[in-house]
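Asks:
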Amino acid sequence: SDPTPVLSTEGIVALMAHSLALPGGAATVASDLALSFTASCPLSAGDTLTLLLPGFTGADVSNLTITTTSGGAALSGSWESGTTQLVMTVGAEVGGGVAVSLVVAASNGLALP
19 SDPTPVLSTE
29 GIVALMAHSL
39 ALPGGAATVA
49 SDLALSFTAS
59 CPLSAGDTLT
69 LLLPGFTGAD
79 VSNLTITTTS
89 GGAALSGSWE
99 SGTTQLVMTV
109 GAEVGGGVAV
119 SLVVAASNGL
129 ALP
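Residue numbers (my numbering): 19 to 131.
1. Tell me whether N81 is buried or exposed, calling it buried when 16 or more other Cβ atoms sit within 10 Å of its Cβ.
2. Report the CB separation of P60 from V118 in whole angstroms; it is logged as a contact under 8 angstroms.
3. Since I believe L93 is in contact with V79 (beta carbons under 8 angstroms), could you give me their beta-carbon distance rounded to a whole number of angstroms?
4. Mind checking V122: buried by the 16 CB within 10 Å criterion, or exposed?
5. Taking the CB atoms as reference points, tell me whether G73 and L120 lie closer together than 9 angstroms.
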C-alpha cells in the first residue's frame, strides 16, 4: 500500500543550560522556584513546558503566579499535585537560543520535599 503522509507532529525541544534554584527554601515550606533555560529552537505562543517535581507538595493551582525576569516568554502555568507536574504555557514567541529566566512565586504554595 501507499505510505500515509504525516501532516503534523508534536514538537520536542531540548532545554539547554537549565537550572532550578530554590532561594531561601526549606523542607516542607513553600518557596520561590527560580528556573532558567535556553531552548534549542524557537518556542511559539501556546507551546507547553512540563517540569516534573517529585516529592513537591501543594494544592492544585490552575493559574500560577509566574514572573518572567528575562527572555520575554510571558509564561502562564498550573500545578498538578497528583502528578507533581508544573505545566507552563508560552504566551509570547521566544527565539531559539534565547535565555529565559522566571520565578514561580512562593505564594502559589508549592512546598519542597
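Yeah, the Cβ is synthetic: ideal placement off N, Cα and C, and Gly gets one too.
Quick caveat, the model's predicted, so the values are computed rather than measured.
Replies: Well, looking at it:
1. exposed
2. Not a contact, Cβ separation roughly 12 angstroms.
3. No, V79 and L93 are not in contact; Cβ-Cβ is about 14 angstroms, not under 8 angstroms.
4. buried
5. no
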